[in-house]
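Residue numbers (my numbering): 731 to 1033.
Below, the structure is given as structure tokens:
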């Protein structure tokens, strides 16, 4: 039946054309943004998962930055610790020289004063982002140790940290009594000749006896061991941070790949689909034109 009020063929062709146009708009949007799921309406599940994954990935990026900062911090402190070891080794050599009969102990002490000043300067200048683990207040217990950020657990929303025992790196303290170079070190007992162990910064051999020089030598050797232990601790933690940084980088790449799987558009597929839709659009326009022309055929019945 032909009707001048309702053209079913034209209506069908128009709906098909609209559907094709909507598909073209969606595909064109994918091509322009590179996203298959750009908003929740495209796929609520994938959008929700990818949004959470991107949030976790952002947190991991912050962790990676924190690890880089921590490595630089440790490098700063390690450099000062190594410089301190250089000064202590020179003092050890000087003490051995002072044991030689006829040694000019006053001049050797002058060198010691310069070495001690150098160690104090190195410790004071080893500051990074207002942190100084060589010259400052060491924590009273382990719960107060500096906590370096090393990871983030997205499942429990918890930040993982690495505690640093700064009592092993504290060379000088505000009170001047608890630093490695401020307290008596060694195991020798006070000798009858006055060979009491003294702090490194208090060593004075200008008029020291042989026993006192030996006691000072033991104190310096004990200080070298203590500073070496602190430097080794920093080195071990730096190695751990480097390993963790590598892991965080790999984990971040995996999350990025996962997000891409959920929301990124396949550009090859999208471009191919768009070309097919363009063909469908052209055919739809032609079909609509043909459907509209069918109505014109009714006029010929009255001629």
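Ideal Cβ positions, reconstructed from N, Cα and C, are used throughout, including at glycine.
Identify the continuous beta strand (DSSP E) that holds residue i and give its terminal residues.
{"i": "residue 893", "result": "888–893"}
{"i": "residue 932", "result": "First-last for residue 932: undefined, no H or E at that position."}
Go ahead and label residue i buried or exposed: buried means 16 or more other beta carbons lie within 10 angstroms of its beta carbon, across all protein chains shown.
{"i": "residue 1014", "result": "buried"}
{"i": "residue 803", "result": "buried"}
{"i": "residue 934", "result": "exposed"}
{"i": "residue 984", "result": "exposed"}
{"i": "residue 829", "result": "exposed"}
{"i": "residue 913", "result": "buried"}
{"i": "residue 783", "result": "buried"}
{"i": "residue 859", "result": "exposed"}
{"i": "residue 800", "result": "buried"}
{"i": "residue 1008", "result": "exposed"}
{"i": "residue 964", "result": "buried"}
{"i": "residue 937", "result": "exposed"}
{"i": "residue 745", "result": "exposed"}
{"i": "residue 738", "result": "exposed"}
Starting from the Cα of residue i, find the closest Cα among the options and give me that residue.
{"i": "residue 867", "options": "902, 881 and 850", "result": "902"}
{"i": "residue 880", "options": "798, 771, 817 and 954", "result": "798"}
{"i": "residue 672", "options": "838, 814, 768 and 840", "result": "Not covered by the structure: residue 672. The range shown for the chain is 731 to 1033."}
{"i": "residue 1003", "options": "980, 751 and 768", "result": "751"}
{"i": "residue 851", "options": "809, 926, 875 and 859", "result": "809"}
{"i": "residue 759", "options": "991, 833 and 1000", "result": "1000"}
{"i": "residue 885", "options": "875, 785 and 986", "result": "785"}
{"i": "residue 988", "options": "907, 770 and 787", "result": "787"}
In terms of residue numbering, what span does the alpha helix (DSSP H) encompassing residue i cover?
{"i": "residue 793", "result": "774–828"}
{"i": "residue 850", "result": "835–855"}
{"i": "residue 883", "result": "No alpha helix (DSSP H) holds residue 883; the beta strand (DSSP E) holding it covers 877–883."}
{"i": "residue 943", "result": "940–993"}
{"i": "residue 759", "result": "738–763"}
Using 8 Å for Cβ pairs, my map puts residue i next to residue j. What's the rounded Cβ distance?
{"i": "residue 878", "j": "residue 900", "result": "Incorrect: roughly 17 Å between the Cβ atoms, too far for contact."}
{"i": "residue 967", "j": "residue 910", "result": "Contact flag wrong, Cβ pair sits at about 18 Å."}
{"i": "residue 790", "j": "residue 993", "result": "About 18 Å; that fails the 8 Å criterion."}
{"i": "residue 930", "j": "residue 838", "result": "About 15 Å separates the two Cβ atoms, so there is no contact after all."}
{"i": "residue 896", "j": "residue 876", "result": "6 Å"}
{"i": "residue 794", "j": "residue 1019", "result": "That pair is no contact at about 60 Å."}
{"i": "residue 990", "j": "residue 812", "result": "About 45 Å separates the two Cβ atoms, so there is no contact after all."}
Checklist entry - Does the region 811–826 come within contact of the region 938–950, defined as at least 3 CB pairs closer than 8 Å? => result yes
Checklist entry - Is there contact here, the region 960–979 with the region 880–890, by at least three beta-carbon pairs under 8 Å? => result yes
Checklist entry - When the Cβ atoms of the region 769–781 are set against those of the region 951–971, are three or more pairs found closer than 8 Å? => result no
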